[in-house]
Structures are given as C-alpha cells and as structure tokens.
Amino acid sequence: MYSQISKNKWNSLFLFILFFILIGAVAYVINLLFFQGYLFIIVAAIIAIIFSLISYYSGDKIVLSMVKAREANKKDYAHLINSVEGLSIAAGIPSPKVYVIPGMQINAFACGVSPKKASVAFTEGSLQKLNRQELEGVIAHELSHIKNYDIRVMVLASVLVGIIVFASEIMLRSFIFGGVRSNENKGGSAQIILIAVGVVLLILAPIVAQIIKFAISRKREYLADASGALLTRYPKGLADALRKIKADHEELRTASNATAHMFISNPFKKKQWLASMFASHPDINDRIQKLDSM
C-alpha cells in the first residue's frame, strides 16, 4: 500500500515536469515567431499569476456553484457530517465544509487549495445508495485528496492547461490574420520550416496539455484510493462503493467537462473514441482490483 502511494507521487511529479517542458516549448516558439525580446514571457507570467489568484480565492466556490451544491446542515445530514469530522480527525486535517449535490448518481468530489480551505461534496445518490462502510470509503478517498494536496495539484494543472490553450489560440489567430514577424537573418526555406513547426506545436500543445492533465488526474485517483484505504483500514468499503458506481447508470445533469475530472468517478458514463488516453479517471475495474489486493 505504501509503495503504491510512493509510486503515484513520483509519477505525478514526472508528469508535471513534462507539463513545464511543454509550457517552455510553447513560450519559446511564440516568442520566436511573434515577439522580440522577453515581452511574451512577461505577459505569460502576468496571466499565470492572475489565473492562479482567481483559482486560489474563488475556484472552489465556482465549482460548487456549477454543480448546484448546497451546504449540508446538521439537522438533515448529521451522519454525513459526523463521518467527515471523524475521518478528518483520523487523517490529521481540519474538517472540510460538507456539501450535497442534487442527483441520484453515486459520486463525490473534493475541492479547494489546502486542507485549511477545502470542501467535500456528495451526491444525494451516494447518501441513499451506499451503506455506512461504503460511504466511509468514499469519504476517506475524498479526504485523501485533501490531505495529499491533490486539490491544489489539480487546480495547478487546470491553470497550466488554461494558459497553454489561451496562448495557443491567441497566437494561432494572430498567425492567421497577421502573420509572423520577419527575420532577415533566416533564409526563406529555413523560416518556412520554422513557422510550420511552430504552428504544428501551437495546434498540438493544447491537446498534449489535456492528455498530461488527465494522466495526472488518473495518478491522483490511484493515490487517493490507496490513501483512503489506509485511512479506514478497510479497502473493501471503497471497492464495494466503486462496484456500485460501476453498476450505476444514473445521469448527473449538473456535471460538465470542466468539473468531470474532480469526481471520484467520471460522471459521464459513455466511453468515447481514444477514451483511455483522454480519460480523466483510471479504469474502474483496475481500481477495484488494486483495492481487493490490499
């Protein structure tokens, strides 16, 4: 179990290194094709800071609002709140705010940027369809996301993807309508090749960034499964919850592509083309198998 946690941490670090290499490559190409000096680097840094601040102070509120979550009260959700508080003490973190999402699909997610500024949200379906041990397994999984700072990791990943997509789209539009800056020191054929390579990179960079983001998300799900099982000392609880999630065909109407990666299981059940590469979650059968082997 501990080796699983350690392995996933190193895998996530490796993927983030790839992320920053990609950002560096995009910044270099944009600067080479469209700017002189360090103008774009400065602009990109300012945009990154603004995106980060917005995500830090308002990201969790925006996400909770998008899924129409409402804060749970002790009167109606005493068992849920007590379970979250008890497992938070066991995990050694402050108890997060607890929210309930309308909808009968079995699902849940955690959001925020740190254990001191975090929230957990559970669908009505989770509360009605899971037994105590299964629900505690799901709670422990989400608390593990908080304890392991996965919530901050995914905020950072989302910001990085946003920066790459934003920069690539703006520069491609500039190329289409305004061309690139001329460089008298470059030969005609060499400059054409450079421009072609640059444009291809600007087109592919957002796609590659999304793939890396989803890969990070999958690694963090494995880590949260292992950490959650360690927290409850009962991997079967989470494994059984995942079995019910697998068999659950309810829709979650408040989910969107922007929030899908945050849930314990992808709220969109239908598999699409290249599903494994662009999947925000690991294969649920593989997750169950790993939990059963613990």
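Last residue of the sequence shown: 1495 (my numbering), numbering continuous. Ideal Cβ positions, reconstructed from N, Cα and C, are used throughout, including at glycine. The model shown is predicted, which means the values in this text are computed figures rather than measured ones.
Integer Cβ distance of residue i from residue j, believed to fall under 8 Å
i: residue 1325; j: residue 1438; result: So it is not a contact: roughly 20 Å between Cβ atoms.
i: residue 1263; j: residue 1313; result: About 12 Å separates the two Cβ atoms, so there is no contact after all.
i: residue 1284; j: residue 1340; result: 6 Å
i: residue 1289; j: residue 1331; result: Not confirmed; about 19 Å, so no contact.
i: residue 1358; j: residue 1417; result: 5 Å
i: residue 1481; j: residue 1461; result: 6 Å
i: residue 1356; j: residue 1260; result: 6 Å
i: residue 1365; j: residue 1410; result: 4 Å
i: residue 1306; j: residue 1422; result: Incorrect: roughly 17 Å between the Cβ atoms, too far for contact.
i: residue 1466; j: residue 1308; result: 6 Å
Bridge partners - residue i, DSSP secondary structure assignment
i: residue 1313; result: 1319
i: residue 1584; result: The shown model of the chain, from 1202 to 1495, leaves out residue 1584, and the question about it has no answer.
i: residue 1464; result: 1310
i: residue 1271; result: 1301
Which of helix, strand or coil DSSP assigns to residue i
i: residue 1451; result: coil
i: residue 1434; result: coil
i: residue 1293; result: coil
i: residue 1259; result: helix
i: residue 1280; result: helix
i: residue 1492; result: helix
i: residue 1474; result: Confidence is the limiting factor: at residue 1474 the pLDDT is only 49, short of 50, which leaves the residue's position unreliable, though a coordinate-based value still follows. Coil, per DSSP.
Contact set for residue i: own chain, Cβ-Cβ below 8 Å, skip 5 residues either direction
i: residue 1265; result: 1300, 1312, 1320, 1322
i: residue 1463; result: 1264, 1310, 1311, 1312, 1355
Neighbourhood of residue i by C-beta, 7 Å cutoff - its chain only, sequence neighbours within 5 removed
i: residue 1271; result: 1300, 1301
i: residue 1497; result: Outside the shown range of the chain, which is 1202 to 1495, sits residue 1497, and nothing can be said about it.
i: residue 1444; result: 1489
Beta-carbon proximity list for residue i, same chain, < 6 Å, skipping 5 on both sides
i: residue 1292; result: 1344, 1348, 1432
i: residue 1455; result: 1268, 1269
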